[in-house]
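Asks: Let me give you the structure first, and then I'll get to my questions.
Protein chains: 2
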Amino acid sequence: MPVSANTNNALRNYLLAALPAGEFARIESKFEPVSFKLGEVLYESGDKLDYVYFPTTAIISMLYVMENGATAEIGIIGNDGVVGGSLFMGGDSTTSRAIIQSAGEAVRMKAKDLKCEFALGGAFQTMLLRFTQALMTQISQTAVCNRLHTVEQQLCRWLLLSHDRLDSDTLVMTHDLISNMLGVRREGITLAAQKLGKKKLIKSVRGTITVIDRRGLEEAACECYAVVNGEYNRLLGRGISRTFG
Amino acid sequence: MPVSANTNNALRNYLLAALPAGEFARIESKFEPVSFKLGEVLYESGDKLDYVYFPTTAIISMLYVMENGATAEIGIIGNDGVVGGSLFMGGDSTTSRAIIQSAGEAVRMKAKDLKCEFALGGAFQTMLLRFTQALMTQISQTAVCNRLHTVEQQLCRWLLLSHDRLDSDTLVMTHDLISNMLGVRREGITLAAQKLGKKKLIKSVRGTITVIDRRGLEEAACECYAVVNGEYNRLLGRGISRTFG
DNA sequence: ACGGTTTTGTGTGTTACCGCACATATAAAT
DNA sequence: ATTTATATGTGCGGTAACACACAAAACCGT
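Those protein sequences? They're chains F and U, same order as listed. The first sequence begins at 0 in numbering that gives the first Met the number 0 and counts up by one. The second sequence begins at 0 in numbering that gives the first Met the number 0 and counts up by one.
Laid out in structure tokens, this is it:
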């Protein structure tokens, strides 16, 4: 019986890994591993949520879809968080779509189980609330960034947030997909990526973007990235950022 | 001893008014009435929060202030909500400034008392969580709106959100202040307000904006307003919108 | 009634991004 | 190897919002 596989998997999620051993042991049996492909939809706007997902290697993007089909990203969630938090907040659905931005694994938990555990009020509850607070900061900063910054700056922020939640330096992602996330034209991303390429910060080749100069990317980004990263560190108690020195 | 004054005051906040009588009675003594002038700052970005505020007639705007001084609004909170929710979420501060957008009253509660009551896990907790979820929708929609919609549409959304939280049809607010909220130029607001004026939706005269045709304003707005309003109704169980049949 | 302040109105030139059209390059399919 | 699909590059006209500079009101205190 491969219990340890399940366990190790779940522990790749920082939120779960930070739980006291006893508490983790209690809820461990509620987890079920799941695997996702790029572009897969976890749930649509308005869907009743049956599960919450704790990503271990996958990255999920929360997208709002307008009536005319235009999209804009609200937030990015990786192995530092949980998708479907509105469940314990009392809503059973959200107004956004959750889509896999980077293929990988997660563990999921039944909505009912989550609500039970949350109601117990221990470290698990504290952690979920703190993460929600961090997510709110990310969403807020997305709003600000959308208002005040250039596409190039926003691309930097987006790449950094994604890079933080990824093992590799290479993102499997087309300009077109990124343009959906940032809510701009595909050509705008191509242009911005070219500029960043000329500055030797990234390398963009057909369907992949590789981060070359992480430090330089941070400097090219607006303050929004640093604010979000700072709050994640403050609230969740450790850096998932790869910032050096 | 004017206990009833205090009581009635607090009950003008829908969140508190919706509490079961017993629960309200228990926490009633923790409330302290406060009065605010336009432009007053409840707290700055990074400040440690000593109180949470339940507006009764005041309206509060959550503003993000950039390093260069530019500002953008994240959300609007009136008598349908609570300011300082990050307290029970586990952060003791936020990255935004809370500023009085419309003068009026509120009741406040000590941070410590709030945390205690929240931990009890009753209707009060449920309500705080549900409101937080509604607020997240508002913030998300602000992000989307900032990305995809014109200043005129955004002005409509903003006016509607403010109007919903106000007794009067007249907002005491200069174009300059609104421009700070929406993160655009003052001239942009003047132009947009003129257009809405020509359509007979509002009347804008030196420091005040009066809503003339509420229904028309809703039609001129992007879908963002309706989405936010819908979620508030769904999650908080009653409409604060003034939408007619 | 007066001068000072605040608020709003208007014009000019600039810029970032959009929408569209299409050329080119890279990968996958047969 | 050739076709087909997908991804990226590039150019051009259009537009919404910008920055800056003032003019014209509306209100305020004395």
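The beta carbon of each residue, even a glycine, is placed where N, CA and C say it ideally should be. All of these numbers come straight from a predicted model, not from anything done at the bench.
Take U/V210 and list the residues in its own chain whose beta-carbon comes closer than 7 Å to its own, dropping the five residues that flank it on each side.
Replies: Taking the first residue of the second sequence as 1, we reach residue 210 of chain U at position 211. Here the set comprises L158, H162, D168, I201, L216.
Asks: Closer than 9 Å between beta carbons: that is the criterion. Which residues of the region 179–212 of chain U meet it against chain F?
Replies: The residues in question are L181, G182, V183.
Asks: Do we get a CB-CB distance below 9 Å when we pair F/T94 with the residues of chain U?
Replies: Translated into positions along the first sequence, residue 94 of chain F becomes position 95. For F/T94, the answer is yes, since a Cβ of chain U falls inside 9 Å of its Cβ.
Asks: Could you check what DSSP says for F/K202 in three-state terms: helix, strand or coil?
Replies: Start at 1 with the first residue of the first sequence, and residue 202 of chain F comes out as number 203. Residue state, collapsed to three classes: strand.
Asks: Could you name the residues of chain U that F/V51 contacts, counting a contact when the two beta carbons are closer than 9 Å?
Replies: Against the first sequence, residue 51 of chain F aligns to sequence position 52. In chain order: nothing, as chain U lies at least about 14 Å away.
Asks: Is there a C-beta anywhere in chain U that falls below 9 Å from the one on F/A220?
Replies: Numbered from its first residue, the first sequence carries residue 220 of chain F at position 221. It does not: the Cβ of F/A220 has no partner Cβ on chain U nearer than 9 Å.
Asks: With a threshold of 9 Å between beta-carbons, can F/F87 be considered close to chain U, or not?
Replies: Taking the first residue of the first sequence as position 1, residue 87 of chain F is located at position 88. Yes, F/F87 counts as interfacial toward chain U.
Asks: Could you name each continuous beta strand (DSSP E) segment of 3 residues or more that falls completely within the region 106–165 of chain F, going from the start of the chain to the end?
Replies: Listed in chain order, there is nothing to give.
Asks: Taking CB distances under 9 Å as the criterion, tell me whether F/N8 reaches chain U.
Replies: Here residue 8 of chain F is taken as the residue at index 9 of the first sequence, counted from 1. Judged by the 9 Å Cβ criterion, F/N8 is not in contact with chain U.
Asks: Would you say U/Q140 reaches chain F, if we count a Cβ-Cβ gap shorter than 9 Å as a contact?
Replies: Translated into the one-based positions of the second sequence, residue 140 of chain U becomes position 141. Chain F, which has a Cβ nearer than 9 Å to the Cβ of U/Q140, makes this yes.
Asks: Report the residue from F/P19, F/G229, F/R11 whose alpha carbon sits nearest the alpha carbon of F/F123.
Replies: What you label residue 123 of chain F is simply residue 124 of the first sequence in a count that begins at 1. Answer by Cα proximity: F/P19.
Asks: So which of F/G74, F/V204, F/D91 has the shortest CA-CA distance to F/A142?
Replies: Numbered from 1 along the first sequence, position 143 holds the residue referred to as residue 142 of chain F. It is F/G74.
Asks: Just reading off the beta strand (DSSP E) that U/F35 is part of, what are its end residues?
Replies: On the second sequence, position 36 is the one that residue 35 of chain U refers to. Unbroken beta strand (DSSP E) run through U/F35: 31–35.
Asks: Taking a contact to mean a Cβ-Cβ separation below 9 Å, would you say F/M180 touches F/S60 in this structure?
Replies: The count along the first sequence starts at 1 and reaches residue 180 of chain F at position 181. The count along the first sequence starts at 1 and reaches residue 60 of chain F at position 61. Yes. Within cutoff.
Asks: Find the residues of chain F that neighbour U/V226, judging by a C-beta separation of less than 7 Å, and give them in chain order.
Replies: Residue 226 of chain U sits at position 227 when you count from the first residue of the second sequence. Within 7 Å Cβ-Cβ: T94.
Asks: With a cut-off of 9 Å, does the C-beta of F/T242 fall near any C-beta of chain U?
Replies: Numbered from 1 along the first sequence, position 243 holds the residue referred to as residue 242 of chain F. Only weak support is given to the placement of F/T242: the predicted model assigns it a pLDDT of 44, under 50, and the value that follows is read from those uncertain coordinates. Not closer than 9 Å to any Cβ of chain U, the Cβ of F/T242 fails to qualify, so no.
Asks: With a cut-off of 8 Å on the beta carbons, I'd call F/V81 and F/Y42 a contact; round off their distance for me.
Replies: Within the first sequence, numbered from 1, the residue matching residue 81 of chain F stands at position 82. Within the first sequence, numbered from 1, the residue matching residue 42 of chain F stands at position 43. Wrong, their Cβ atoms sit about 14 Å apart, outside the cutoff.
Asks: Below 8 Å on C-beta distance, what does U/M65 contact in chain F?
Replies: What you label residue 65 of chain U is simply residue 66 of the second sequence in a count that begins at 1. Neighbours of U/M65 on chain F, chain order: V143, L147, E222.
Asks: What do you get for F/L195, buried or exposed, if any count of 16 or more other CB atoms within 10 angstroms of its CB means buried?
Replies: Start at 1 with the first residue of the first sequence, and residue 195 of chain F comes out as number 196. Burial call: buried.
Asks: Any beta carbon from chain F within less than 9 Å of U/E43's own beta carbon?
Replies: Numbered from its first residue, the second sequence carries residue 43 of chain U at position 44. With 9 Å as the cut-off, U/E43 does not count as an interface residue toward chain F.
Asks: If you draw a straight line from the alpha carbon of F/R11 to that of F/L170, how long is it in whole angstroms?
Replies: For the purposes of this step, residue 11 of chain F is taken as residue 12 along the first sequence, with counting starting at 1. For the purposes of this step, residue 170 of chain F is taken as residue 171 along the first sequence, with counting starting at 1. The straight-line gap from Cα to Cα measures roughly 19 Å.
Asks: Taking Cβ-Cβ distances below 8 Å as the criterion, which residues of the region 105–126 of chain F are in contact with chain U?
Replies: Of all residues in the region 105–126 of chain F, A118, G120, T125 have a Cβ within less than 8 Å of some Cβ in chain U.
Asks: Using the beta-carbon of each residue, which ones in chain U are nearer than 8 Å to F/L234?
Replies: Indexing the first sequence from 1 puts residue 234 of chain F at position 235. Ordered by position in chain U, the residues that pass the 8 Å Cβ test against F/L234 are G89, G90.
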